[in-house]
DNA sequence: GATTGACTTGGAGTTAACTCCATATGTTAA
DNA sequence: TTAACATATGGAGTTAACTCCAAGTCAATC
C-alpha cells in the first residue's frame with residue numbers, strides 16, 4: 013500500500029505517518045526500489061494500534077518504548093506487558109475523571125434546562 | 013483565602029491559578045488593599061469547576077467562553093447550555109474511544125500473560 | 001526598621017504532538 | 001520525453017496549556 017492509501021484508510025495525515033515512523037512509534041516501513049514507502053499488513057497493524065492508542069491519549073513516549081521492545085523479540089514480553097498494564101491503569105483513572113465531569117455536565121445542563129422553562133436561575137449551583 | 017491555600021486545596025499551582033484568571037477562565041479574583049488575591053467561596057467554585065473540566069480534557073477556549081457568558085447574566089442561559097451540551101457530546105465520544113482502547117489493552121495484556129506462562133508468543137495479534 | 005518570605009506583574013520559555021515547507025527525486029500519462 | 005503529480009528528506013513552525021523567571025511590592029517577625 014502507498015502512503016496515500018494508508019493515509020485515507022486510517023484517516024491519518026501523511027505527515028503524521030512519516031512522523032510516527034521517524035520517531036519510532038512504528039517500525040521502519042518497507043520501501044520500493046525507488047525509495048517510496050510500501051506498507052505491508054504488519055505496518056498497517058502498527059498504524060492501527062498507534063491510532064487506537066493515541067485516540068485514547070496514551071503518550072507517544074510510551075508507544076515508542078513499546079515499539080522498541082516489540083522489535084527486540086520475546087525476551088521483552090514481561091516488560092511490554094508491564095508497560096501496557098501501567099497505561100491501562102492511567103487510562104482507567106482518566107475515564108473516572110471523565111465520568112465525574114460527565115455527571116457534572118449533566119447536572120448543570122439539567123439546571124439550565126429548568127431555568128429556561130421557569131425563566132429563573134437563582135438556584136443554580 | 014490566600015493563593016497558597018487555594019493552591020493546596022485544589023492541588024493547582026499558583027502559576028496556573030494566576031494563568032487561569034489572566035486568560036479569563038475564571039472571573040477576576042477579589043483583592044486586599046495591598047493588591048493580594050483574596051479568594052471567595054465563589055472564586056473557589058469557579059476553580060473547582062475549572063479543575064474538573066480540565067481534568068476531562070475540555071479545552072480552555074470553551075471554558076473561557078463559558079466564563080464570559082456566565083458574567084453576562086441570565087440572557088446567556090441558552091447559549092451556555094448549548095455550549096455545555098456540545099462539550100458533553102465531545103466528552104462522550106472521547107469516552108467511547110477510551111473504552112475501545114481499554115478493550116484492546118485488556119486483550120493484549122491477556123495474551124501477554126498467556127505467553128508468559130506458555131513461553132510462546134507466536135499467536136499474538 | 002530591617003530581614004525574611006509570600007505575593008505581584010509582564011513576559012519569556014517549555015513540552016507534546018503534530019504540521020508545514022523547500023527542495024529534490026520517483027512515477028505515470030500524453 | 002516531458003509535463004504533472006506523488007513522495008522523499010531535514011528542518012522549521014504551530015498550538016495548547018502550562019511553567020518559569022526577574023524585578024518589584026506586601027506582610028509578618030525579630
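Protein chains in written order, with my numbering: chain F, 13 to 137; chain E, 13 to 137.
Using N, Cα and C, we set each Cβ at its ideal position, and we do this for glycine too.
As the structure is a prediction and not an experimental result, all values here were calculated from the model.
How close, in whole Å, do the beta carbons of residue 112 of chain F and residue 64 of chain E come, if the pair is a contact with beta carbons under 8 Å?
Counting from 1 along the first chain, the entry for residue 112 of chain F is found at position 100. Counting from 1 along the second chain, the entry for residue 64 of chain E is found at position 52. Sure, about 7 Å apart at Cβ, within 8 Å.
Please check if any C-beta of chain E sits within less than 8 Å of the C-beta of residue 25 of chain F.
Stepping through the first chain from its first residue, residue 25 of chain F is reached at position 13. Judged by the 8 Å Cβ criterion, residue 25 of chain F is not in contact with chain E.
Do the CB positions of residue 103 of chain F and residue 68 of chain F come within less than 8 Å of each other?
Here residue 103 of chain F refers to the residue found at position 91 of the first chain. Here residue 68 of chain F refers to the residue found at position 56 of the first chain. It is a contact, given that the beta carbons lie within the stated cut-off.
Can you tell me which of F/13, F/87, F/76 puts its alpha carbon nearest to the alpha carbon of residue 43 of chain F?
Working through the first chain from its first residue, we reach residue 43 of chain F at position 31. Looking at the Cα atoms, F/13 is the closest of the given residues.
In the DSSP assignment, the alpha helix (DSSP H) including residue 118 of chain F goes from what residue to what residue?
Numbered from 1 along the first chain, position 106 holds the residue referred to as residue 118 of chain F. Run containing residue 118 of chain F: 89-130, per the alpha helix (DSSP H) assignment.
Could you say which of E/92, E/74, E/60 lies nearest to residue 124 of chain F if we only look at CA atoms?
For the purposes of this step, residue 124 of chain F is taken as the residue at position 112 of the first chain. If we check each option's Cα against that of residue 124 of chain F, E/92 comes out closest.
What residues are listed by DSSP as bridge partners for residue 66 of chain F?
If you number the first chain from 1, residue 66 of chain F lands on position 54. Bridge partners of residue 66 of chain F: none, in fact.
To which residues of the same chain is residue 39 of chain F closer than 7 Å at the C-beta, ignoring the five residues directly before and after it?
As a first step, residue 39 of chain F must be located in the first chain, where it is residue number 27. Within the same chain, residue 39 of chain F has close Cβ partners 58, 79, 83.
Apply the 10 Å Cβ neighbour rule to residue 70 of chain E and answer buried if 16 or more other Cβ atoms are within range, or exposed otherwise.
Counted from its first residue, the second chain places residue 70 of chain E at position 58. The residue is buried, with at least 16 neighbouring Cβ atoms inside 10 Å.
Just list the residues that DSSP pairs residue 34 of chain F with in beta bridges.
Within the first chain, the letter at position 22 stands for residue 34 of chain F. None, per the DSSP bridge assignment.
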